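J.: Below is a structure I'd like to ask you about.
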Amino acid sequence: MKFENLNENYLKRIFKDEPEWFVSDRLKSLKLFNQAKEDSFRYGSTMKTDVSDIKISDYESKINLVLKNNDSRIIIKDFKKALTEDDELIRKFFMKEIKTRMELLHKAIVQEGLLIYIPKNVKVKEDITIDYEFLTNSFDYLLVIAEENSELNIIERLRSKEIFRSNVVEIYAGRNSKVNFYSIQDMDNNCINFSVKRSFAGKDSECNFYNFDFGSKLNYSDTYSELVEEGSCSKIKGIYFGNEKQHFNLASSTHHKSRNTNSDIFTRGILDDNSNIIYRGLVKIYENAENSNGYQKEDALILSENAKADSIPNLEINNHDVKCSHSSSISHLDKDKLFYLMSRGIDYKECTKIMTEGFLMEVLNKIDKEEIKEEIKQLIKSKIK
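Residues 0 to 384 in numbering that gives the first Met the number 0 are what the sequence shown spells out, letter by letter.
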């Protein structure tokens, strides 16, 4: 990837009204970005993610954003406003762990974003919904801080024109809190989308991600859940559907850093036409994480001869008093079942809809929200030719 016209003078000019400490952080990140090696985006065993022809020269964001929630007990602020009014929170939580060169760039150039803060003992019954429509290239950020004994659901919907997008979501779940984060990505099939989602779970807390990936020409998505304190747990559930020439590079990982922690990763997806995916799953158990449980399962269903899937499950276990497992499968439409349905007078397209929806139903059934289930079913149907 090449990022043109990006230098210190540019950052100082477009961010001249921001707090001095934050501009200084931007400049440090840009310097480290320029010094860092190119991200490899990791090879699969049979394919790789090629980003060599991506060139970006426009960094100023324009987003139509519709936010819905009527609970006056929570705080939701534009990121630029939070920089001045809640600078202690931003200093404490904003992108403290940088894992890739792309994240260094994001920290340097991030513009649009939100801070969502849920005070102690507040259980938000109404979902927080965020509908994004990206009109230009975007570097956006979402920071969620859930204090002790709080609960909330966040649903984001992503749509766009043909743009480049980089996004970071960070969720901090306090003691005995629960956060469910739903992401429905249906961006234009000519987009390039880089997304990093991270959660950090305190004692007895729960943070769950539900990722639904349908759009983008290149979709790189890394979901990382860190179980920091005893009794914390996390679920990462995912559905994807690729067609045309879409390329997905998806990763899900859980990191057990304390005892009595639990995680469950489960992803299923469909590939049609010339689409392909590299999927990486990881459950890592640290030395002091005894009596923990970690599971991962990844399944892909291929509808065409030219679609490809590469699944790389991984376990790293540094404590023997744990339970962990992983599995992975890549399959094609069952010809016998297809023949049976068609012999009953059902045409090929409808048969494919029935079988793909059935394949994904095991993940869909893990979702408590009926309106989300129906929305995902409609997106699945729209992808089938």
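The beta-carbon is built from N, C-alpha and C at its ideal position, and this holds for glycine as well.
Remember, predicted model here, so these are calculated numbers, not experimental data.
Which term fits L359, buried or exposed, when burial requires 16 or more other beta carbons within 10 angstroms of its beta carbon?
T.: Buried, since its Cβ has 16 or more Cβ neighbours within 10 Å.
J.: In the DSSP assignment, the beta strand (DSSP E) including F240 goes from what residue to what residue?
T.: Run containing F240: C232 to G241, per the beta strand (DSSP E) assignment.
J.: Measuring alpha carbon to alpha carbon, tell me which residue in E146, S251, K382 and M354 is nearest H331.
T.: Looking at the Cα atoms, M354 is the closest of the given residues.
J.: So, do the stretch 281-298 and the stretch 253-268 have three or more beta carbon pairs nearer to each other than 8 angstroms?
T.: Because the criterion of three Cβ pairs below 8 angstroms is met, the stretch 281-298 and the stretch 253-268 touch.
J.: Answer yes or no: do I284 and E315 have a C-beta to C-beta separation smaller than 8 angstroms?
T.: In contact: I284 and E315 (Cβ atoms closer than 8 angstroms).
J.: Let me make sure I understand the geometry here. Which of I238, I375, Y219 and K1 has the alpha-carbon closest to that of N210?
T.: Looking at the Cα atoms, I238 is the closest of the given residues.
J.: Taking only three categories from DSSP, how would you classify Q245?
T.: DSSP places Q245 in coil when its eight states are reduced to three.
J.: Beta carbon of A308, beta carbon of I276: below 8 angstroms?
T.: Contact: yes.
J.: Quick one: Cα of S231 to Cα of S204, how far?
T.: Cα to Cα, S231 sits roughly 5 angstroms from S204.
J.: From I127, N63, R279 and E111, pick the residue whose C-alpha is nearest to that of I74; which is it?
T.: Looking at the Cα atoms, I127 is the closest of the given residues.
J.: Within the same chain, show all residues whose beta-carbon is closer than 6 angstroms to that of I183, passing over the 5 residues directly before and after it, in chain order.
T.: So the list reads R156 and F211, once near-sequence residues are dropped.
J.: At a cut of 8 angstroms, does the stretch 82-89 reach the stretch 188-203 through at least three beta carbon pairs?
T.: Result no; under three Cβ-Cβ pairs closer than 8 angstroms.
J.: Going by DSSP, what residues sit across from T128 in a beta bridge?
T.: In the DSSP output, where bridge partners are listed per residue, T128 has K67 and I154.
J.: Count Cβ pairs between the stretch 116-131 and the stretch 95-102 that sit closer than 8 angstroms; are there 3 or more?
T.: No contact exists between the stretch 116-131 and the stretch 95-102.
J.: Closest to L217 by C-alpha separation, out of S224, K234, L226 and S165, would be which residue?
T.: Measuring from the Cα of L217, the nearest candidate turns out to be S165.
J.: Can you tell me which residues form a DSSP beta bridge with H437?
T.: The question about residue 437 has no answer here: the residues shown for the chain are numbered 0 through 384.
J.: Within the same chain, show all residues whose beta-carbon is closer than 7 angstroms to that of C190, passing over the 5 residues directly before and after it, in chain order.
T.: Contacts found: S159, E161, I162, R164, G214, S215 and K216.
J.: Beta-carbon separation of G112 and L141 under 8 angstroms?
T.: Yes; because the gap between Cβ atoms is below 8 angstroms, this pair is in contact.
J.: For my contact list, R267 and D221 are in at a C-beta cut-off of 8 angstroms; report their separation, rounded to the angstrom.
T.: R267 to D221, Cβ: 18 angstroms. No contact.
J.: Which same chain residues end up closer than 6 angstroms to E132 when comparing Cβ atoms and leaving out the 5 residues on each side of it in sequence?
T.: If we look at E132 and ignore the five residues flanking it on each side, its Cβ neighbours are N63 and R158.
J.: From W20 to L226, what distance separates their C-alpha atoms?
T.: Each residue's Cα considered, the two are about 30 angstroms apart.
J.: Would you grab the beta carbon distance between F138 and I108 for me? Rounded to a whole angstrom, and I think it's under 8 angstroms.
T.: Contact flag correct, Cβ pair sits at about 5 angstroms.
J.: I need the straight-line Cα distance from E370 to Y181, nearest angstrom please.
T.: Going by the C-alpha atoms only, they are around 12 angstroms apart.
J.: Output the boundary residues of the alpha helix (DSSP H) element that contains Y294.
T.: Per DSSP, Y294 belongs to no alpha helix (DSSP H); it is in the beta strand (DSSP E), N292 to I301.
J.: Expressed to the nearest angstrom, what Euclidean distance is found between the alpha-carbon atoms of I281 and K352?
T.: Residue identity differs from the one stated: residue 281 is Leu in this sequence, not Ile. Those two C-alpha atoms are separated by around 31 angstroms.
J.: Let me check one thing: in DSSP terms, what residues is D263 bridge-paired to?
T.: Answer is K234 and Y294.
J.: Please name the residue in N8, L363 and D130 whose C-alpha comes closest to that of I379.
T.: Ranking the options by Cα distance to I379, first place goes to L363.
J.: Going by alpha carbons, who is nearest to I366 out of F92, I115 and K234?
T.: Checked all of F92, I115 and K234; the closest Cα to I366 is K234.
J.: Tell me the rounded alpha-carbon separation between F2 and H105.
T.: Cα to Cα, the separation comes out at about 12 angstroms.
J.: Could you tell me how far apart the beta carbons of S252 and N136 are, in whole angstroms, since I believe they sit closer than 8 angstroms?
T.: Incorrect: roughly 28 angstroms between the Cβ atoms, too far for contact.
J.: Please return the same chain residues whose Cβ sits closer than 6 angstroms to the Cβ of E289, not counting the five positions on each side in sequence.
T.: So the qualifying residues of the chain are R258, N318 and D320.
J.: Going by CA-CA distance only, name the one from D70, I311, L134 and K95 that's closest to I115.
T.: Of the candidates D70, I311, L134 and K95, the one whose C-alpha sits nearest the C-alpha of I115 is D70.
J.: Excluding the 5 residues flanking E17 on each side, which residues of the same chain have their C-beta closer than 7 angstroms to its C-beta?
T.: Same-chain partners within the cutoff: L82.
J.: Is V22 helix, strand or coil by DSSP?
T.: If DSSP states are grouped into helix, strand and coil, V22 belongs with the helices.
J.: Could you give the distance in angstroms between the alpha-carbon of I144 and the alpha-carbon of Y278?
T.: Each residue's Cα considered, the two are about 29 angstroms apart.
J.: Excluding sequence positions up to five away, which residues of its chain have a Cβ less than 6 angstroms from the Cβ of Y219?
T.: Only F193 and N248 meet the Cβ criterion.
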